[in-house]
Amino acid sequence: EPEVTQTPSHQVTQMGQEVILRCVPISNHLYFYWYRQILGQKVEFLVSFYNNEISEKSEIFDDQFSVERPDGSNFTLKIRSTKLEDSAMYFCASSRPGTGRNTEAFFGQGTRLTVV
Amino acid sequence: AQKVTQAQTEISVVEKEDVTLDCVYETRDTTYYLFWYKQPPSGELVFLIRRNSFDEQNEISGRYSWNFQKSTSSFNFTITASQVVDSAVYFCALSDTNDMRFGAGTRLTVKP
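Listed in order, the protein sequences are those of chains C and W. Going by my numbering, the first residue of the first sequence is number 569, and it counts up by one from there. Going by my numbering, the first residue of the second sequence is number 2, and it counts up by one from there.
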């Protein structure tokens, strides 16, 4: 069964460093998302991406964050200068074509980012 | 504003008990979708169900059942004859014209 894959599963970085979290969405999906979950808290929407541009973003998604689809398969989240409070589990998700954003989102296993 | 409330932070039951997880939502849209996801201790998010706002039929899938009531803006999830493997955090989520928003989650512990 097709699945969303994320790499790495765990990343440790020093405060102020740039990190890139990588995701390979399901191949025929057209909508892509990033979510964040701080340990023990709820899953928070960061950004959605469609047709090579951001379609929605939350108040969390500030100038430190950017997303890119550099080729036909990868979808990346970049944090320019990490802060301690960026430590969280980051989930990538994608959803099927023809049904828009309001459909079942398939989630990756997550990347646990630890900023030290 | 779009909002999902899961009032139960933690629930603990003994195996074979039935348990209901509550979810109340707010949205101004007439077209929306409701979801339940399971997050086991391993951390991944597992899709359980999606309902659209026009379909109020309750659904049963094995030991899982869902009760969608638009009149009370609720989408409750019941596990019948709970098992230890059901122990997880369960998230209710709402998607309308914007994005998918999650509730705070309910941590379910099923004791043997």
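Using N, Cα and C, we set each Cβ at its ideal position, and we do this for glycine too. Note that the structure is a prediction, hence the values are computed from the model and not measured.
Proximal residues to residue i (C-beta, below 6 Å), its chain only, five neighbours per side dropped
i, result
"Ala94/W", "Phe36, Met101 and Phe103"
"Arg604/C", "Glu612, Leu614, Ala656 and Tyr658"
"Phe629/C", "Leu614 and Val615"
"Asn68/W", "Asn59 and Asn77"
"Pro41/W", "Ala89"
"Thr21/W", "Asn77 and Thr79"
"Asn53/W", "Tyr34"
Short CB-CB distance (under 8 Å) between residue i and chain D
i, result
"Asp100/W", "Looking at the structure shown, chain D is missing, and the protein chains on hand are C and W."
Residue i to residue j span [Cα, whole Å]
i, j, result
"Leu607/C", "Leu681/C", "11 Å"
"Lys17/W", "Gln58/W", "26 Å"
"Asp19/W", "Glu621/C", "45 Å"
"Ser623/C", "Lys4/W", "20 Å"
"Ala89/W", "Leu46/W", "10 Å"
"Phe674/C", "Gln70/W", "25 Å"
"Lys625/C", "Leu109/W", "31 Å"
"Glu644/C", "Leu589/C", "At residue 644/C the sequence reads Thr, which differs from the Glu that was named. Approximately 6 Å, taken between the alpha carbons."
"Glu672/C", "Pro113/W", "33 Å"
"Cys660/C", "Asn642/C", "11 Å"
"Lys39/W", "Thr32/W", "24 Å"
"Pro576/C", "Tyr658/C", "11 Å"
"Tyr65/W", "Phe92/W", "14 Å"
"Gln579/C", "Thr679/C", "7 Å"
Buried or exposed (CB count within 10 angstroms, at least 16 for buried), residue i
i, result
"Ile647/C", "buried"
"Pro593/C", "buried"
"Phe55/W", "exposed"
"Val85/W", "exposed"
"Ile61/W", "exposed"
"Val587/C", "buried"
"Thr107/W", "buried"
"Asp97/W", "buried"
"Ser649/C", "exposed"
"Gln7/W", "buried"
"Ser13/W", "exposed"
"Arg43/W", "Note on identity: in this sequence residue 43/W is Ser, with Arg being the wrong assignment. That one is exposed."
"Asp30/W", "exposed"
"Thr10/W", "exposed"
"Ser83/W", "buried"
Neighbourhood of residue i by C-beta distance below 8 Å, restricted to the same chain and skipping five residues each side
i, result
"Thr573/C", "Cys591, Val592, Gly676 and Gln677"
"Arg51/W", "Tyr34, Leu35 and Phe36"
Residues near residue i in its chain [Cβ-Cβ closer than 7 Å; skip 5 each side]
i, result
"Lys651/C", "Met583 and Val683"
"Pro570/C", "Ile594 and Ser595"
"His597/C", "Ser662, Ser663, Arg664 and Pro665"
"Asp87/W", "Ile80, Leu109 and Val111"
"Asp654/C", "Ile647, Leu681 and Val683"
"Val15/W", "Lys112"
Q.
For the pair the region 70-79 of chain W and the region 24-36 of chain W, tell me if three or more CB-CB distances fall below 8 Å.
A. Cβ pair count under 8 Å is three or more, so yes.
Q | the region 610-621 of chain C / the region 635-655 of chain C touching (three or more Cβ pairs under 8 Å) | A | Yes: at least three Cβ pairs fall under 8 Å.
Q: Can you give me, in chain order, the residues of the region 60-89 of chain W that have a beta carbon less than 7 Å from any beta carbon in chain C?
A: If you check each beta-carbon in the region 60-89 of chain W against every beta-carbon of chain C, none falls closer than 7 Å.
Q. Along the region 630-648 of chain C, what residues have a CB closer than 7 Å to any CB found in chain W?
A. Hits within the stretch: zero.
Q. Mind listing which residues of the region 604-631 of chain C have their C-beta closer than 8 Å to chain W's C-betas, in chain order?
A. Across the region 604-631 of chain C, CB contacts with chain W closer than 8 Å involve Gln609, Lys610, Val611, Glu612, Phe613, Ser616, Glu624 and Ser626, in sequence order along the chain.
Q | Members of the region 43-58 of chain W near chain C, C-beta cut-off 7 Å | A | When C-beta distances to chain C are compared with 7 Å, the residues of the region 43-58 of chain W below that value are Gly44, Glu45, Leu46, Phe48 and Arg51, in chain order.
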